[in-house]
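See structure below.
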Amino acid sequence: MLDRKKLVSDSETYLKGLARRGDYAAEVAKPLFDIESRWKELKSEVDGLRHRQKQMGPQMGRLAKDGEEFAKLRKEMGEVSGRVKAAEEQIRSLEEQRRDVLLRIPNLPHESVPDGLSEEDNKEVDRWGEPRHPVFKMQAHWELGESLGIIDFESAARMSGSRFAVLKGAGARLERALIQFMLDLHTQEHGYVEVWPPYLVRRHAMEGTGQLPNLEEDAYRTAGDDPYFLIPTAEVPLVNLHREEILDKDQLPIKYVAYTPCFRAEAGSHGKDVRGLMRQHQFSKVELVKIVEPEGSYDELESLRRNAEEVLRRLEIPYRVMLLSAGDMGFSATKTYDLEAWVPAQDRYREISSCSNCGDFQARRAQIRYRQAKGDNRFCHTLNGSGLAVGRTMIGLLENFQQADGSVILPDAIRPYMGGLSKLG
RNA sequence: GGAGAGAUGGCCGAGUUGGUCGAAGGCGCCUGACUCGAAAUCAGGUGUACCGCUUGCGGUACCGGGGGUUCGAAUCCCUCUCUCUCCGCCA
């Protein structure tokens, strides 16, 4: 959520910034200005009337209840009360409308973010490792996984439909090994606190991080009037850990890491990545979240990104770093780096991690503040990044380390987590 | 699932015959006095959000959330959520 007061007082700058995401973004914000001015007018009227009510209260208490003066005052104050109620109803309605608009306005892109509306406009900022080009017929990971007997898409489809996978034997162990490896790295070497959060959350938690109200069709939820939402990423529970809190300055920065399964309906991606582990309704992810002071939050983004990159380096998977263009970023982000791992069978890089600074956008939605000085409470900045998506990491391992005979050599870093196993198949 | 109790400011805790209660008192914290300094003591201050003029001041809202009764509600009524205790069940 953007700062309503600034949005109104400096609307030109804000609308211009929003338009960098596409014309729609500025359009969404437009109704706000009229709502805000009507709201202010009513608000000051009601404040005045209530002031009068408050003044008269004690006086009426002192008067004789059967006196003439009391009857007169009661009549007058009854009228005031009626007007207050009517105006307050209008105020409530305006505030609801205002909130609806504000919740649907995306975050403002940071100045360092390149212009552009699509993937094509993203800028490569770094690259690591040598992409492996095949001297033999390279197999896609789903072929490898099935021939090695470690991934079973068919059984998964029979019980759950498309976009599910069953991991078996060394495959299941590898999933667990990768999670363990990532958690150990981030907790022991990067200073994150490990968290085991709920996988089901209430609507307001999803609104807090910006998944709702806009992306409702992509979220799974339970039945009933007061549904739970299945988290699409651990970012949701991790950021909401401090909702409605005023933190002490010396508590910051807060750094959390959590492994969770993630659930996504993948509405609107029909036909994309229909095979393999690339795009699943349920997948594992180790997520990094930081809650920090506004000063230096972009430096924190750089280090967060490095923390995620380190996983790929240890696993010896070639990758590149993309700085996303304004129009390609997610709803809540001011600036996003995608890490893209090399996928030999597709002969291209594919997203394996997305690291964003959300500025105070989520903090304002979730009411996460910190005490800067006495009487000066400010919203924190929140950051998040995958460290990493486990399924996609498995793709990276299987495909990049496959051998001509269909076996897969495991990189050194993961072997201790596989009980010393050095090779699949 | 059944029965009961509760939810007040950073914390503890008053307030429930409706009126001067944003709310006693204590603790914590900040400032000043005393002191060489500290402790103790004394005095003052100490929530969040919004509106208006604006170095400061004035106003409004908020006593778990929402709704209602009333000229007026922390105080009465309804409802929801959460917490605790006991019983049952379950992992």
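Just so we're aligned, residue 115 is where the first sequence starts under my numbering, counting upward by one. Beta carbons are placed, not taken as given, at the ideal position from N, Cα and C, and that holds for glycine.
For Asp340, the residue or residues it bridges with in DSSP = Answer by DSSP bridge pairing: none, since Asp340 is not bridged.
Option in Val194, His384, Leu292 and Leu314 with minimal Cα separation from Asp526 = Among Val194, His384, Leu292 and Leu314, the Cα nearest to that of Asp526 belongs to Leu292.
DSSP on Asp490, reduced to helix/strand/coil?
-> Asp490: strand per DSSP, three-state reduction.
Boundaries of the alpha helix (DSSP H) in which Ala459 is found, first to last residue | Annotation: Ala459 is outside any alpha helix (DSSP H) and is labelled neither H nor E by DSSP.
Local conformation of Tyr451 per DSSP, three classes | In the structure shown, Tyr451 sits in a strand (DSSP, three-state: E or B).
In the DSSP assignment, what are the bridge partners of Trp242?
-> Its beta-bridge partners are Tyr433.
Find the nearest neighbour of Ser500 within the set Leu418, Gln294 and Gln204, judged by alpha-carbon distance.
-> Looking at the Cα atoms, Leu418 is the closest of the given residues.
Taking Asn221 and Cys469 to be in contact with their CB atoms under 8 Å, please state how far apart those CB atoms are, rounded to whole angstroms.
-> Their Cβ separation, rounded to whole angstroms, is 15 Å, which puts Asn221 and Cys469 out of contact at 8 Å.
Can you give, in chain order, each stretch of the beta strand (DSSP E) that sits fully within the stretch 359-432 and has at least 3 residues?
-> The stretch 359-432 contains these whole beta strand (DSSP E) runs: 359-362, 368-377 and 396-406.
Kindly list the residues whose CB is nearer than 8 Å to the CB of Ile205, restricted to its own chain and excluding five residues on each side of it in sequence; keep chain order.
-> A distance below 8 Å between beta-carbons, with the five flanking residues on each side excluded, links Ile205 to the following residues of its chain, in chain order: Trp153, Leu156, Lys157 and Val160.
Ala87, DSSP secondary structure in three states | This structure cannot settle anything about residue 87, because the visible part of the chain is limited to 115 through 539.
Express the C-alpha separation of Gly324 and Pro223 in angstroms, rounding to a whole number.
-> So the alpha carbons of these two residues sit roughly 15 Å apart.
Evaluate Val320 with the Cβ neighbour count: other Cβ atoms within 10 Å of its Cβ, from every protein chain shown; 16 or more gives buried, anything less gives exposed.
-> Here residue 320 is Met; the residue named in the question, Val, does not match the sequence. Buried, since its Cβ has 16 or more Cβ neighbours within 10 Å.
Could you tell me which of Arg317, Met296, Ser276 and Trp310 sits nearest to Asn328, measuring between CA atoms?
-> When each option's Cα is compared against that of Asn328, the closest is Arg317.
Which residues mark the beginning and the end of the alpha helix (DSSP H) in which Phe89 is found?
-> As displayed, the chain neither begins before 115 nor continues past 539, which places residue 89 out of reach and without an answer.
Integer Cβ distance of Ser439 from Pro228, believed to fall under 8 Å = Correct: roughly 5 Å between the Cβ atoms.
Where does the unbroken alpha helix (DSSP H) through Arg357 begin, and where does it stop?
-> Unbroken run through Arg357: none, as it is neither H nor E.
Check whether Leu216 and Met115 have beta carbons under 8 Å apart = The answer is yes: Cβ separation under 8 Å.
Could you check how far apart the C-beta atoms of Ser467 and Ala518 are, in whole angstroms? I think they sit under 8 Å.
-> At roughly 30 Å, the Cβ-Cβ gap does not stay under 8 Å, so Ser467 and Ala518 are not in contact.
From the DSSP output, in three-state form, read off Glu225 for me.
-> Coil at Glu225, not helix or strand.
Sorry if obvious, but does the Cβ on Glu308 come closer than 7 Å to a heavy atom of the ligand COA?
-> This structure lacks the ligand COA; in fact it carries no ligand of any kind.
According to the neighbour-count rule (16 or more other Cβ atoms, all chains shown, within 10 Å of its Cβ), is Ile219 buried or exposed?
-> Around the beta carbon of Ile219, a 10 Å sphere encloses 16 or more other beta carbons of the protein chains shown; the residue is thus reported as buried.
Please report the residue range of the alpha helix (DSSP H) in which Tyr306 lies.
-> Tyr306: not part of any alpha helix (DSSP H); DSSP gives it neither H nor E.
Measure the alpha-carbon distance for Asn491 versus Asp474 and round it to whole angstroms.
-> Approximately 13 Å between the Cα atoms of the pair.
Distance CB(Ile523)-CB(Glu359) smaller than 8 Å | Not a contact, by the Cβ cut-off of 8 Å.
Thinking Val400 and Tyr373 are a contact (beta carbons under 8 Å), I'd like their distance in whole angstroms, please.
-> Right, their Cβ atoms sit about 5 Å apart.
If you drop the 5 nearest sequence neighbours on each side, which residues of the same chain put their C-beta closer than 6 Å to that of Pro311?
-> Once the five neighbours on either side are set aside, the close Cβ partners of Pro311 are Pro351 and Ala372.
CA-CA distance, Pro375 and Tyr313?
-> Looking at the two C-alpha atoms, the distance is approximately 8 Å.
Does the beta-carbon of Met273 have 16 or more other beta-carbons within 10 angstroms, so that it is buried, or is it exposed?
-> Per the 10 Å Cβ criterion, exposed.
Tell me, to the nearest whole angstrom, how far the beta carbon of Gly505 is from that of Ser398; I am working on the premise that it is less than 8 Å.
-> Correct: roughly 6 Å between the Cβ atoms.
How would you write the range of the alpha helix (DSSP H) that Arg290 sits in, first residue to last?
-> Run containing Arg290: Ala284 to Asp298, per the alpha helix (DSSP H) assignment.
Answer yes if the stretch 241-248 comes into contact with the stretch 428-445, meaning at least three C-beta pairs across the two stretches below 8 Å, and no otherwise.
-> Output reads yes: the stretch 241-248 touches the stretch 428-445.
Evaluate Ala447 with the Cβ neighbour count: other Cβ atoms within 10 Å of its Cβ, from every protein chain shown; 16 or more gives buried, anything less gives exposed.
-> Under a 10 Å Cβ-count criterion, Ala447 is classified as buried, with 16 or more other Cβ atoms of the shown protein chains found around its own Cβ.
Quick one: residues in its chain with C-beta nearer than 6 Å to the C-beta of Glu465, no 5 flanking neighbours on either side, listed in chain order?
-> Only Asp452 and Glu454 meet the Cβ criterion.
Would you report the Cα separation of Gly283 and Val457, rounded to the nearest angstrom?
-> Their Cα atoms are separated by approximately 23 Å.
Whole-angstrom Cβ separation of Glu424 and Leu299, contact assumed at under 8 Å?
-> 7 Å between Cβ atoms; contact.
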